[in-house]
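With this note's numbering, the residue at position 339 of the sequence shown is 631, and numbering never jumps. From the three backbone atoms N, C-alpha and C, an ideal C-beta is built for every residue, glycine too. A quick note: this is a predicted structure, and the numbers were derived from the prediction, not measured.
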Amino acid sequence: KIRIPRYKTIISTAALDNTIKTYTVLPKEGKWRVAYKFGITVDELEQLNPNMSEVLQPGDIVNVPNIDTKEEKPIEDNFNYYTVLKSEGFYRLKVKLGLTQEQLETLNPNLKETGLVEGMVLKVPENITVGTLNEDFQNVNLTKKLENLKTKRIAVMLPFQLQKIDTDSIPEAKDLIKSNKLLSVSLDFQSGVLMALDSAKHLGISTNLKVFDTRNQISEVSKIIEGNDFSEYDAVIGPIMATNFERMASELKRQNVPIISPLMKPENLYDNVFQTIPTDEVLVKKAIDFVKADASKTNVVIISDELNRNKSNKLKAEFVAARQLFSKKNKEGKDAYYVNYADISDVLSPGKNYVFLETANAGLVMSVTNSLNSLNGSSKQVILITTNKTDAFDYEHVSNFHLSNLKFHYPSINKTFNSENPSSFIRNYKRVYGVEPNKYAVRGFDLTLDVLLRLASEDDLYKASSSDVETEYIENKFRYAKKLFGGYFNESVYMLRYNDLLIEEAKQ
Numbered sequence: 293k294i295r296i297p298r299y300k301t302i303i304s305t306a307a308l309d310n311t312i313k314t315y316t317v318l319p320k321e322g323k324w325r326v327a328y329k330f331g332i333t334v335d336e337l338e339q340l341n342p343n344m345s346e347v348l349q350p351g352d353i354v355n356v357p358n359i360d361t362k363e364e365k366p367i368e369d370n371f372n373y374y375t376v377l378k379s380e381g382f383y384r385l386k387v388k389l390g391l392t393q394e395q396l397e398t399l400n401p402n403l404k405e406t407g408l409v410e411g412m413v414l415k416v417p418e419n420i421t422v423g424t425l426n427e428d429f430q431n432v433n434l435t436k437k438l439e440n441l442k443t444k445r446i447a448v449m450l451p452f453q454l455q456k457i458d459t460d461s462i463p464e465a466k467d468l469i470k471s472n473k474l475l476s477v478s479l480d481f482q483s484g485v486l487m488a489l490d491s492a493k494h495l496g497i498s499t500n501l502k503v504f505d506t507r508n509q510i511s512e513v514s515k516i517i518e519g520n521d522f523s524e525y526d527a528v529i530g531p532i533m534a535t536n537f538e539r540m541a542s543e544l545k546r547q548n549v550p551i552i553s554p555l556m557k558p559e560n561l562y563d564n565v566f567q568t569i570p571t572d573e574v575l576v577k578k579a580i581d582f583v584k585a586d587a588s589k590t591n592v593v594i595i596s597d598e599l600n601r602n603k604s605n606k607l608k609a610e611f612v613a614a615r616q617l618f619s620k621k622n623k624e625g626k627d628a629y630y631v632n633y634a635d636i637s638d639v640l641s642p643g644k645n646y647v648f649l650e651t652a653n654a655g656l657v658m659s660v661t662n663s664l665n666s667l668n669g670s671s672k673q674v675i676l677i678t679t680n681k682t683d684a685f686d687y688e689h690v691s692n693f694h695l696s697n698l699k700f701h702y703p704s705i706n707k708t709f710n711s712e713n714p715s716s717f718i719r720n721y722k723r724v725y726g727v728e729p730n731k732y733a734v735r736g737f738d739l740t741l742d743v744l745l746r747l748a749s750e751d752d753l754y755k756a757s758s759s760d761v762e763t764e765y766i767e768n769k770f771r772y773a774k775k776l777f778g779g780y781f782n783e784s785v786y787m788l789r790y791n792d793l794l795i796e797e798a799k800q
């Protein structure tokens with residue numbers, strides 16, 4: 293017989309608490325940033341925090357793996373970050389990102405041990421752009437997050453130029469409104485501002501508003517600065533002209549008062565400046581990401597005139613397999629702004645073809661859309677797209693039927709409200725002013741209401757402008773990112789398309 297020794301059994305009860313610690317969320321940190329920092333997936337972070345809200349706020353306490361501080365991975369501003377999707381392997385990422393397995397493993401050393409896991413966050417080069425690169429934001433309804441209901445002090449600065457108006461002559465005043473573009477825009481914008489204050493009032497937000505007439509003169513802006521203390525203001529909206537805005541922004545920078553540029557891109561993005569108009573680069577990226585995210589596409593074609601050759605080459609760098617066509621030249625070597633039907637036919641493939649058209653020339657738009665419309669069919673589906681919808685696409689001889697048949701897509705800073713199904717704002721505006729609001733009135737409403745709701749949801753506008761929060765109103769939406777050494781700029785734009793002779797938002 294073999295005698296088997298018996299040992300005393302010792303039961304160890306190691307506490308799970310040792311594997312988890314709490315972490316205080318920092319400003320600008322969304323779920324993916326926290327997950328990446330602690331080496332887990334977003335899904336694993338959510339499992340550790342079953343009651344976690346959809347959008348993390350600075351100061352939130354969350355459970356994270358109990359790793360040493362030295363092991364935490366920092367988010368580097370000179371890189372982009374990508375979340376691995378379900379069933380994505382290295383081959384698929386090579387196609388989507390243009391990075392080999394070896395390159396990904398060099399950037400993300402832990403990949404060699406874990407392999408690709410759904411939901412994991414990968415560091416990729418800054419120049420990599422794809423629709424699923426991390427933009428950790430949610431469309432947030434701020435009316436459900438109102439916590440700071442103290443009266444908001446807001447200043448609005450517009451170039452009414454009241455000194456030019458003869459208040460004793462109503463006909464003359466009406467004529468001036470019609471002929472003076474700045475006055476007309478100012479009045480329309482202000483009408484939207486006032487409607488926003490009324491909407492905010494119904495939500496329990498009171499506003500102390502002061503409106504200044506800049507007269508579109510920098511000397512008048514200086515007088516306004518000298519005669520008023522802006523240090524107690526929560527936000528200043530305007531001026532709307534570049535030189536006047538620059539003067540005001542540089543002054544308010546000293547007092548750290550937020551100033552919002554409503555209708556133009558400011559020359560200098562100081563720490564206190566909010567640029568609400570997205571840059572051209574944001575619009576281009578929106579179009580590129582939209583096409584890249586469509587897994588059903590079979591072919592990409594890029595057509596441009598000579599003036600847009602550089603833009604065509606940049607698109608080619610994003611879509612390496614794309615075919616390029618350039619408009620023909622005449623005998624003198626000048627651009628003739630047309631492309632042969634046969635040349636376009638040769639570069640189309642069976643399946644879904646995205647055709648970029650980059651031009652400001654109506655003749656080229658007519659030439660290309662006529663040909664594409666004839667070639668569009670069941671075997672070759674053609675979708676026309678541009679990164680910049682110039683006036684050429686609205687030229688009277690460019691067929692809207694053709695644009696609609698081609699499902700014409702383009703990025704835009706705003707969309708047009710649906711007059712057949714108007715919102716309460718549209719109905720109320722028409723009741724008060726007797727007409728439907730134009731784009732400046734809607735802009736005034738959307739922007740002002742957004743500022744008031746953000747101020748009512750946080751201590752100040754800076755804290756309320758986290759880059760992972762997107763808000764949307766009648767025609768505009770806002771999601772701010774902060775420059776490393778500068779202010780805030782709006783990164784949120786629409787992708788629109790023609791469909792059945794209507795313009796609608798394109799969603800994938």
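Pick from Asp-352, Leu-794 and Glu-598 that is closest to Asn-622, judged by C-alpha positions:
Relative to the Cα of Asn-622, the nearest Cα in the group Asp-352, Leu-794 and Glu-598 belongs to Glu-598.
Is it the case that the segment 561-570 contacts the segment 661-676, given that we only count it when at least three CB pairs across the two stretches are under 8 angstroms?
no
Nearest to Phe-693 (by Cα), restricted to the options Asp-792, Asn-355, Arg-723 and Gly-484:
Asp-792
Assign Leu-318 to one of two classes, buried (16 or more other C-beta atoms within 10 Å of its C-beta) or exposed (fewer than that).
Looking at its Cβ environment, which holds fewer than 16 other Cβ atoms inside 10 Å, Leu-318 is exposed.
Rounded to a whole number of angstroms, what is the C-alpha to C-alpha distance between Ile-552 and Ile-469?
25 angstroms
With 16 other Cβ atoms within 10 Å as the buried cut-off, status of Val-278:
Any question about residue 278 goes unanswered here, given that the chain covers just 293 to 800.
By DSSP's criteria, Phe-504 is part of a beta bridge. Which residues make up the other side?
Met-449
Examine the Cβ distances between the segment 731-740 and the segment 598-610 and report whether three or more of them are shorter than 8 angstroms.
no
What is the rounded straight-line gap between the Cα of Asp-563 and the Cα of Asn-548?
8 angstroms
Is the segment 743-758 touching the segment 506-524 in the sense that three or more CB pairs, one from each, lie closer than 8 angstroms?
no
Give a single yes or no on whether Tyr-373 has its beta carbon closer than 7 angstroms to a heavy atom of the ligand NAD.
Among the ligands in the structure shown, none appear at all, so the ligand NAD cannot be discussed.
Report yes if the C-beta distance between Ile-446 and Tyr-373 is below 8 angstroms; otherwise report no.
no
Check the C-beta distance from Val-356 over to Tyr-315 and give it rounded, since I have them as a contact under 8 angstroms.
4 angstroms
Buried or exposed for Ser-666, please, with buried defined as at least 16 other CB atoms from any protein chain shown within 10 angstroms of its CB.
exposed
DSSP state of Ile-497, grouped into three classes?
coil
Taking only three categories from DSSP, how would you classify Pro-366?
coil
Whole-angstrom distance between Asp-581 and Ser-379, CA atom to CA atom
20 angstroms
Rounded straight-line distance, which links the Cα of Lys-769 to that of Tyr-790
If you take the alpha carbons of Tyr-790 and Lys-769, they lie about 20 angstroms apart.
Residues near Glu-783 by beta carbon distance below 6 angstroms, same chain, minus five either side
Val-574, Arg-771 and Ala-773
Cα separation between Lys-404 and Lys-320?
30 angstroms
By Cβ distance below 7 angstroms, which residues in the same chain neighbour Leu-455 in space, the five residues on each side in sequence not counted?
It is Gln, not Leu, that sits at residue 455 in the sequence shown. Excluding positions up to five away in sequence, the list reads Arg-507.
Compute the distance between the beta-carbons of Ile-457 and Thr-740, then report whether it is under 8 angstroms.
no
Limits of the unbroken beta strand (DSSP E) element including His-701
701-704
Could you check what DSSP says for Ile-654 in three-state terms: helix, strand or coil?
For clarity, residue 654 is Ala in the given sequence; the question names Ile instead. Three-state DSSP puts Ala-654 in a helix.
Cβ-based neighbour list, Leu-544, same chain, cut-off 7 angstroms, excluding 5 preceding and 5 following:
Hits under 7 angstroms: Phe-522, Val-528, Ile-551 and Asn-564.
So, is Gln-482 buried or exposed, given that buried needs 16 or more other C-beta atoms within 10 angstroms?
buried
Residue range of the alpha helix (DSSP H) that Thr-398 falls in?
Note, Thr-398: alpha helix (DSSP H), 393-399.
Straight-line gap, Lys-557 to Asn-536 (C-alpha atoms, nearest Å)
13 angstroms
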